[in-house]
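Structure first, then comments.
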Amino acid sequence: MRYDDPRLVALYDALNPFADDTAFYLALAASARHVVDLGCGTGLLACELARRGHRVTGIDPSPHMLRVARARPDGDKVTWIEGDANALPFVGAADLLVMTGHVAQIFLDDASFVATLVAARRALRPGGAIAFESRNPAARAWENWTPERSLRRIEAPDGRAVDVWLERHAVPDPLAAGRVAFTTHYRFMPKPGTEMVEETLSAASELRFRTRDELTKRLTGADFAKIDWYGDWNRAPVDETSRELIAVAR
C-alpha cells in the first residue's frame with residue numbers, strides 16, 4: 001500500500017512502533033558506517049541510526065512519508081531521497097541496505113524484485129550486506145486477516161481513537177498464486193466533546209509471499225552469494241513454524 005493520504009501517514013508510527021524488528025536491524029547495523037534504509041517510511045529506523053552516528057540514506061516513494069521523516073529529531077542528519085532503489089545516486093558506497101516492514105513483499109512480480117536486489121547490490125560496497133524480512137507462507141498469516149481476528153484500536157496524533165482491521169479478498173488463492181490481496185479499514189471515532197463525526201477510510205493492498213527457496217533464487221541471481229536465514233528476531237533457525245523469513249545476504 002502506498003501511503004498517499006496524509007491522514008493514514010499520521011497513523012503509521014502508531015501502527016509500526018519501535019519493536020523487536022527495529023532492535024534487530026539496529027544491532028545488525030552496529031558496525032556499518034553507511035546504511036541505506038530502502039522503503040524508510042516515516043524514518044523511525046533511519047533517524048535512530050543517524051542519532052547513533054551512522055551515515056544514513058533513507059529512500060521512499062511517498063513524499064508524505066518523507067515529510068514526516070524530515071521533521072523527526074535527527075531527521076536533518078539523514079539524506080532523504082524520494083524514489084525507489086534505482087534512484088540511489090552512488091555505487092559501491094554502502095555497508096548495509098535494509099528493507100524493513102515487509103517491504104520485500106510489495107514486489108508482486110519477480111522482475112521488479114530482482115531489479116531492486118540488483119540496484120541494492122550496485123549500491124553496496126564489496127562485502128556489504130542486504131537485510132530484509134518476508135512473511136513465511138508456511139505460517140499462513142493471511143488466515144488472520146479478517147475483521148474478527150485483526151481488529152485493534154490505536155490513537156491518532158489528534159487524540160482520536162481509530163479502529164483498524166484487515167479484510168482479505170477471496171481471490172487470488174494464496175497458496176496457488178503466492179499473492180494475497182486485502183483491504184485495510186480505518187474507522188476514526190468521534191472525539192468526545194467535539195463536533196467530529198465517525199469516518200472510515202479504506203486502502204487496498206496486495207502482497208507476494210515467497211518461500212525461502214524462491215527468495216534464495218532471487219538473491220543469488222542478483223549476485224548475493226552468502227545468505228544467513230533467521231526465523232525470528234532472536235535469530236532462531238528457520239523451521240516450519242517460523243512466522244518470518246529474515247535474510248542477511250552478502
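Residue numbers for the sequence shown follow full-length UniProt numbering, so the first one is 1 and each next one is one higher. Every residue, glycine too, gets a C-beta built ideally from N, C-alpha and C. Source: prediction; values computed, not measured.
{"Item": "Need the endpoints of the alpha helix (DSSP H) that residue 148 sits in, please.", "Value": "147-150"}
{"Item": "Relative to the C-alpha of residue 243, which residue among 146, 40, 137 and 31 is closest?", "Value": "137"}
{"Item": "Excluding the 5 residues flanking residue 88 on each side, which residues of the same chain have their C-beta closer than 6 Å to its C-beta?", "Value": "123"}
{"Item": "What are the start and end residues of the beta strand (DSSP E) that includes residue 82?", "Value": "78-82"}
{"Item": "Could you check what DSSP says for residue 171 in three-state terms: helix, strand or coil?", "Value": "coil"}
{"Item": "In its own chain, which residues sit with a C-beta less than 8 Å from the C-beta of residue 69, not counting the 5 before and 5 after it?", "Value": "40, 41, 42, 43, 46, 47, 58, 60, 75, 78 and 80"}
{"Item": "Entirely within the region 155-239 and at least 3 residues each: give me those beta strand (DSSP E) ranges in chain order.", "Value": "161-168, 179-188, 199-208 and 227-230"}
{"Item": "Please report the residue range of the beta strand (DSSP E) in which residue 55 lies.", "Value": "55-60"}
{"Item": "Report yes or no: do three or more beta-carbon pairs, one from the region 145-154 and one from the region 106-116, lie closer than 8 Å?", "Value": "no"}
{"Item": "Specify, as a first and last residue, the run of the beta strand (DSSP E) that residue 271 falls within.", "Value": "The structure shown does not extend to residue 271, since the chain is modelled only from 1 through 250, so no value can be given for it."}
{"Item": "Below 8 Å, can you find three or more Cβ-Cβ pairs linking the region 139-150 to the region 98-114?", "Value": "no"}
{"Item": "Taking the continuous beta strand (DSSP E) assigned at residue 34, which residues delimit it?", "Value": "34-38"}
{"Item": "On a Cα-Cα basis, can you pick out the residue from 28, 140, 11 and 225 that is closest to residue 162?", "Value": "11"}
{"Item": "Identify, in the order they occur along the chain, each residue of the same chain with its Cβ nearer than 8 Å to the Cβ of residue 33, setting aside the five sequence neighbours on each side.", "Value": "54, 55 and 95"}
{"Item": "How is the alpha helix (DSSP H) around residue 9 delimited, first residue to last?", "Value": "6-9"}
{"Item": "Taking the alpha-carbon of residue 221 as reference, which of 121, 229, 193 and 186 has the nearest alpha-carbon?", "Value": "121"}
{"Item": "Smallest Cα separation from residue 82: which of 126, 37, 92 and 197?", "Value": "37"}
{"Item": "Between 165, 104 and 21, which lies nearest to residue 210 when the distance is taken from Cα to Cα?", "Value": "104"}
{"Item": "With a threshold of 6 Å (Cβ to nearest heavy atom), would residue 125 be considered close to the ligand ADP?", "Value": "The ligand ADP is absent from the structure shown, which contains no ligand whatsoever."}
{"Item": "Quick one: residues in its chain with C-beta nearer than 7 Å to the C-beta of residue 24, no 5 flanking neighbours on either side, listed in chain order?", "Value": "233"}
{"Item": "Rounded to whole angstroms, what is the Cα-Cα separation between residue 97 and residue 172?", "Value": "32 Å"}
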